[in-house]
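Below: one structure, written as structure tokens.
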Amino acid sequence: MWIRKSQILAFSEEIKRGFEEDLTRRLLRSRRQDRFTRLDDALPFVQGEIQRALLHGITSEEALEKYVAASWLMGAPIDQQSERLRRLLGDRDLAQYYRAMSALAYAEECSGAPDA
45 MWIRKSQILA
55 FSEEIKRGFE
65 EDLTRRLLRS
75 RRQDRFTRLD
85 DALPFVQGEI
95 QRALLHGITS
105 EEALEKYVAA
115 SWLMGAPIDQ
125 QSERLRRLLG
135 DRDLAQYYRA
145 MSALAYAEEC
155 SGAPDA
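Following my numbering, the residues of the sequence shown are numbered contiguously, the last one being 160.
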């Protein structure tokens, strides 16, 4: 049995979409904010932040979740919050999880959100 490249790509897109939707649902449930109330409204924001994280070399699911949660708390891209944070996020000599956790800690401190 042969598997076509298009079948693999479709499967990969389905997995990616499932991750994005799951993350969006969890953010809607656990990190309340006024900007989004429905999955369809919030999903483009989450997808955009995942793309921004990938540009910073943040690729693991756990680190992506932290990065997106940071932007979610700020209500705007986390990498646009300060020059110092932007440099930290772009420093590929640091572990991606450390960079994402640093962004989340910054967002929690700025927003007054409790640690989650």
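Every residue, glycine too, gets a C-beta built ideally from N, C-alpha and C.
Using 8 Å for Cβ pairs, my map puts LEU148 next to ALA120. What's the rounded Cβ distance?
Residue mapping note: residue 148 aligns to position 104 of the sequence shown, counting from 1. Residue mapping note: residue 120 aligns to position 76 of the sequence shown, counting from 1. So it is not a contact: roughly 14 Å between Cβ atoms.
Three-state class that DSSP yields for ALA160 in the structure shown
Taking the sequence shown and counting its residues from 1, the one referred to as residue 160 is at position 116. In this prediction, ALA160 has a pLDDT of 48, which is less than 50 and means its spatial position is unreliable; what the coordinates show is noted afterwards. Correct three-state label for ALA160: coil.
Contiguous alpha helix (DSSP H) assignments of at least 4 residues, all confined to the region 69 to 118:
83 to 99 and 105 to 118
Status (buried if at least 16 other CB within 10 Å, exposed otherwise) for ILE59:
In the sequence shown, the residue the question calls residue 59 occupies position 15. The residue in question, ILE59, is exposed, as its Cβ has fewer than 16 Cβ neighbours within 10 Å.
Whole angstroms are fine: how far does the CA of SER104 sit from the CA of PRO88?
Your numbering for residue 88 matches position 44 in the sequence shown. Your numbering for residue 104 matches position 60 in the sequence shown. If you take the alpha carbons of PRO88 and SER104, they lie about 20 Å apart.
Grab the span of the alpha helix (DSSP H) containing SER146 for me, first residue to last.
As a working mapping, residue 146 is identified with position 102 in the sequence shown. It spans 140 to 155 - the alpha helix (DSSP H) in which SER146 sits, taken as one unbroken run.
For ILE94 versus LEU108, is the C-beta distance shorter than 7 Å?
For the purposes of this step, residue 94 is taken as residue 50 along the sequence shown, with counting starting at 1. For the purposes of this step, residue 108 is taken as residue 64 along the sequence shown, with counting starting at 1. It is a contact, given that the beta carbons lie within the stated cut-off.
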